[in-house]
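Protein chains in written order, with this note's numbering: chain A, 1360 to 1438; chain B, 11 to 393.
Glycine included, C-beta positions come from ideal geometry on N, C-alpha and C.
Remember, predicted model here, so these are calculated numbers, not experimental data.
This report concerns only the one structure given below.
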Amino acid sequence: MLINDQLADIFEKVFSIEKSEFTPDLTPEDVLRWDSLGHMTLVMELEDAFGVHFEVDEITEMTSAGKIIEMLQAKVAKD
Amino acid sequence: MALAKDFHRHNVIHIEQYADRHTEAVRRFNERLLAGGTPNRFPTAPVPAWLPKIDGRSIFQEYYLALDEEGEVRGAYILKHQDFQISGRVVSIADYHLPISEGAVDRRYSQVGVMLLRDALGRQPLLYGLGMGGYEEPLARMFEAAGWSMFSVPFFFRVVRPNNFLRNVVFLRRSALKRTALDIAAFSGLGWLGVRAMQMLKHRKTADSSLKVEIDTIDDFSDWADEVWRSSKQRYGMAAVRDAETLRILYPGDKQNFIRLRFSGESHATGWAVVLDSQLSGHKHFGDMRLGSIVDCFASVDDTTVVVDAARRFLESRGVDLIVSNQSHAAWQRGFREAGFLNGPSNFIFAASKKLAELLKKEGVENDGLHFNRGDGDGPIHL
């Protein structure tokens, strides 16, 4: 499964965003449940699903779905 | 899109310790929080007034700030480092408290809350949180989302003046019907009878033994407190080190609101308690009551009942309306029940990081083997 599709699944699970509405442009300002708590849940889900760990510096860069896709691609490529 | 790019440019955030040069940025952070309608504020002085870091001390606080590239504060938290005894060995652990994220008022910073917690875990993996005001509060929900282990620390209360209690207990007076019923109970004396009957049923076998205990109000803790700690600590699965030196730091003699009690029997100290006697005004739970609280206490697990009962007698003699305490350890829970205290709903939550929970599990420490009360965490606030 492509990273985009997996992330769309996770956004649906964490933020109740329909897969058809998922785009890389989504930011916390667009998504009702993407608040501090939502972000914690998102990070935990991403780490579980992709078997990765995000450092503090990386978490600061998670400002949009597109940025998260880029970061996951880089992490997965490293492995 | 230009706006988003501009925001992202300014959104590289790093975390560092609070220093003098950040004071104005902290003030601006607090102003933005105030304007956004959140109740929390971060201390404006970089050196903590309570538990500053002093050479040689293992108990101290540190303030950390999340700063963007412009030097603006976007989040902050406090670590309170302290030695704990876990199954006989001393381990440094930290309390994570007062985390504040600009995400509370500006969704562009929603990642800051996670950064703060991850940063704290990087500095001290053995973290805990205490209090929080209930499972529904944001910090408790954050801990839950992060997979921390949590339980509520049981709340105990004993009504001393039922009429004042019934007229002021806010959580029981939330509807007009309940308010009227409680006013009638208070006025008629039925409430007095009912509360007394309940507490008498609970109050078992303590009166005689606790009357033999000598109660001394002390200015400071000294060698005898070391002896109580040394002889009693082994039977606690986990407890913050409560030797005389630590107690002098936590409850210093110049803090007049703390009432330090030493309990003795047959020429040696049995245990101690730190209590408060506070006249409240418009308190969200206790209205205008005069509230007695048993903030902290320590003794052999065999002596908890006599210690609690002696502390109760002391506070009752001062004229409080109600005595309250939160206690996690099984022996202290038993002590409070046997001294006639009733259980009430608790919003005082303990949360352990994954690493701390793993350590406790490895050492075979159950939740009720932990000794936590209002003296732990960020101290006896809101009382």
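When burial is assigned at 16 or more other CB atoms within 10 Å of the CB, is A:Glu1406 buried or exposed?
-> It is exposed - the Cβ of A:Glu1406 has fewer than 16 other Cβ atoms within 10 Å.
So what's B:Glu154 in DSSP terms, helix, strand or just coil?
-> Of the three classes helix, strand and coil, the one that applies to B:Glu154 here is helix, per DSSP.
Where B:Arg323 sits in the DSSP three-state scheme | Secondary structure at B:Arg323: helix, using DSSP grouped into helix, strand and coil.
Cβ distance (whole Å) where B:Ser159 is taken to contact B:Ala362 below 8 Å | About 5 Å separates the CB atoms of B:Ser159 and B:Ala362; that is less than 8 Å, so the two are in contact.
Output the distance between the C-alpha atoms of B:Gly379 and B:Gly345, rounded to the nearest integer angstrom.
-> If you take the alpha carbons of B:Gly379 and B:Gly345, they lie about 14 Å apart.
Consider the C-beta atom of A:Gly1425 and the heavy atoms of the ligand FAD; say whether any pair is separated by less than 8 Å.
-> Looking for the ligand FAD in the displayed structure turns up nothing, as the structure carries no ligands at all.
Closest by C-alpha distance to B:Val238, when choosing among B:Gln266, B:His278 and B:Pro262 = Among B:Gln266, B:His278 and B:Pro262, the Cα nearest to that of B:Val238 belongs to B:His278.
Scan the segment 1396-1413 of chain A for residues whose Cβ lies nearer than 9 Å to a Cβ of chain B and list them as they occur along the chain.
-> For the segment 1396-1413 of chain A, which is checked against every Cβ of chain B, the residues closer than 9 Å are Leu1396, Gly1397, His1398, Met1399, Thr1400, Leu1401, Val1402, Met1403 and Phe1413.
Please confirm if A:Met1430 has its CB atom under 9 Å from at least one CB of chain B.
-> Interface residue (Cβ-Cβ distance to chain B less than 9 Å): A:Met1430 is not classified as such.
Identity of the residues DSSP links to B:Ile228 by a beta bridge = B:Ile228 pairs with B:Arg270.
Under 9 Å between the Cβ atoms of B:Asp386 and B:Leu140?
-> Yes, the pair counts as a contact, with Cβ atoms nearer than the cut-off.
CB contact below 9 Å: A:Pro1387 versus chain B = A:Pro1387 counts as touching chain B.
Just curious, the beta strand (DSSP E) that B:Pro172 is in, first and last residue?
-> Element bounds for B:Pro172: not the beta strand (DSSP E) but the alpha helix (DSSP H), Pro172 to Asn178.
With A:Glu1388 and B:Arg133 assumed to form a contact (beta carbons below 8 Å), what rounded beta-carbon distance in angstroms separates them?
-> Actually they are not in contact, since the Cβ atoms of A:Glu1388 and B:Arg133 sit about 31 Å apart, beyond 8 Å.
Mind checking who B:Ile103 pairs with in its DSSP beta bridge?
-> In the DSSP output, where bridge partners are listed per residue, B:Ile103 has B:Gln92.
Tell me whether the beta-carbon of A:Val1402 lies closer than 9 Å to the beta-carbon of A:Lys1434.
-> Going by C-beta atoms, A:Val1402 is not nearer than 9 Å to A:Lys1434.
Bridge partners of B:Met160, per DSSP?
-> Beta-bridge partners of B:Met160 (DSSP): B:Ala361.
Three-state secondary structure (DSSP) of B:Ala340 = Of the three classes helix, strand and coil, the one that applies to B:Ala340 here is helix, per DSSP.
Check the Cβ-Cβ distances between A:Thr1382 and every residue of chain B, and say whether any is below 9 Å.
-> For A:Thr1382, the closest Cβ of chain B is not nearer than 9 Å.
Taking B:Glu326 and B:Val170 to be in contact with their CB atoms under 8 Å, please state how far apart those CB atoms are, rounded to whole angstroms.
-> The pair is a contact, with the Cβ atoms about 5 Å apart (cut-off 8 Å).
Do B:Met152 and B:Ile25 come within 9 Å of each other at the CB atom, strictly closer than that value?
-> Cβ atoms of B:Ile25 and B:Met152: not closer than 9 Å.
In whole angstroms, what is the alpha-carbon distance linking B:Lys15 and B:Gly302?
-> In this predicted model, B:Lys15 has a pLDDT of only 44, less than 50, meaning its place in the structure is not dependable; the value taken from the coordinates is given anyway. Those two C-alpha atoms are separated by around 56 Å.
Hey, does B:Pro148 have any beta-carbon neighbour from chain A nearer than 9 Å?
-> Answer yes: the Cβ-Cβ gap between B:Pro148 and chain A drops below 9 Å somewhere.
Cβ pair B:Asp105, B:Gln121 closer than 9 Å | A distance of 9 Å or more separates the beta carbons of B:Asp105 and B:Gln121.
Under three-state DSSP, which class holds B:Tyr119?
-> Note: B:Tyr119 maps to helix in three-state DSSP.
Do the CB positions of B:Gln95 and B:Met248 come within less than 9 Å of each other?
-> B:Gln95 places its beta carbon less than 9 Å from that of B:Met248.
May I have the straight-line CA-CA distance separating B:Val223 from B:Asn267, to the nearest angstrom?
-> Rounded to whole angstroms, B:Val223 to B:Asn267 spans 24 Å at the Cα level.
Could you work out which residue in B:Trp342, B:Pro164, B:Ile23 and B:Arg99 is closest to B:Ala86 when comparing CA atoms only?
-> Looking from the CA of B:Ala86, the closest CA among B:Trp342, B:Pro164, B:Ile23 and B:Arg99 belongs to B:Ile23.
Reference B:Val251; option with closest CA among B:Glu79, B:Asn50, B:Gly98 and B:Pro58 = Of the candidates B:Glu79, B:Asn50, B:Gly98 and B:Pro58, B:Gly98 places its Cα closest to the Cα of B:Val251.
Throw me the rounded Cβ distance for the B:Gly350 and B:Ala309 pair, which I believe falls under 8 Å.
-> Rounded to whole angstroms, the Cβ separation of B:Gly350 and B:Ala309 is 18 Å, and the two are not in contact under 8 Å.
Verify whether the separation of the beta carbon atoms of B:Asn383 and B:Met142 is less than 9 Å.
-> Judged by beta-carbon spacing, B:Met142 lies beyond the 9 Å limit of B:Asn383, meaning their Cβ atoms are not closer than that value.
Buried or exposed: which applies to B:Ala12, given that a residue is buried once 16 or more other Cβ atoms fall within 10 Å of its Cβ?
-> Its pLDDT being 40, under 50, B:Ala12 is placed unreliably by the model, and the measurement read from it follows with that caveat. B:Ala12 comes out exposed.
Compute the distance between the beta-carbons of B:Arg300 and B:Ser288, then report whether it is under 9 Å.
-> Contact check for B:Arg300 against B:Ser288 passes: the beta carbons are separated by less than 9 Å.
Please go through the same chain and pick out, in chain order, the residues whose beta-carbon is closer than 8 Å to the beta-carbon of B:His293, but skip the five residues on each side of it.
-> Same-chain partners within the cutoff: Val180, Met299 and Leu301.
Kindly list, in the order they appear in chain A, the residues whose Cβ is closer than 8 Å to that of B:Val124.
-> The answer, in chain order, is Ser1395, His1398, Met1399, Val1402 and Ile1418.
Other residues of its chain near B:Gly297: CB distance less than 6 Å, five sequence neighbours each side excluded | Same-chain partners within the cutoff: Asn178 and Val180.
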